[in-house]
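Notes to accompany the following structure.
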Amino acid sequence: MKVSFEASFARDLRGIKDKSLLKRAELVIAEVKAATALSEIKHLVKMHGYATLYRLRLGDYRIGIEVIEDEVIFVRILHRKDIYRYFP
Numbered sequence: 000m001k002v003s004f005e006a007s008f009a010r011d012l013r014g015i016k017d018k019s020l021l022k023r024a025e026l027v028i029a030e031v032k033a034a035t036a037l038s039e040i041k042h043l044v045k046m047h048g049y050a051t052l053y054r055l056r057l058g059d060y061r062i063g064i065e066v067i068e069d070e071v072i073f074v075r076i077l078h079r080k081d082i083y084r085y086f087p
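Those letters in the sequence shown? Residues 0 to 87, per numbering that gives the first Met the number 0, in order.
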């Protein structure tokens, strides 16, 4: 799948200090790039009420993504207490 990143996602990544979380985020991005269908991505859950928005679980953090046709856009990566305040 084609992958792109919003500026907010890059800004959120810069704010994360946990090295193991950053490494896991890299692995998730690689997994999404290698996937040919959404069903191949682990821990992917569709957001209720939104046709193109999904979330990925990454420990206590969540990655908010948007899927438009065959492109996956990484929008936010925030702690689970904050993600639903800022995404969508």
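Backbone N, C-alpha and C fix where the C-beta goes; we use that ideal spot for every residue, glycine too. Note that this is a predicted model, so its numbers are computed, not measured.
- Excluding residues up to 5 positions away in sequence, Leu-12, Ile-15 lie with their Cβ nearer than 8 Å to the Cβ of Leu-21 in the same chain.
- By the 16-neighbour rule on beta-carbons within 10 angstroms, Glu-65 is buried.
- Excluding the 5 residues flanking it on each side, Lys-18 has no same chain C-beta neighbour closer than 6 Å.
- Following the DSSP letters along the chain, one finds Leu-37 in no alpha helix (DSSP H), marked with neither H nor E.
- With distances taken between CA atoms, Tyr-49 lies nearest to Ile-67 out of Ile-67, Glu-5, Glu-30.
- Around the beta carbon of Arg-10, fewer than 16 other beta carbons lie within 10 angstroms, which makes this residue exposed.
- Taking a 10 Å sphere around the C-beta of Leu-77, we find 16 or more other C-beta atoms and assign the residue as buried.
- If the five residues before and after Tyr-60 are omitted, its C-beta is found closer than 7 Å to the C-beta atoms of Leu-20, Ile-76, Leu-77, His-78, Arg-79, all from its own chain and listed in chain order.
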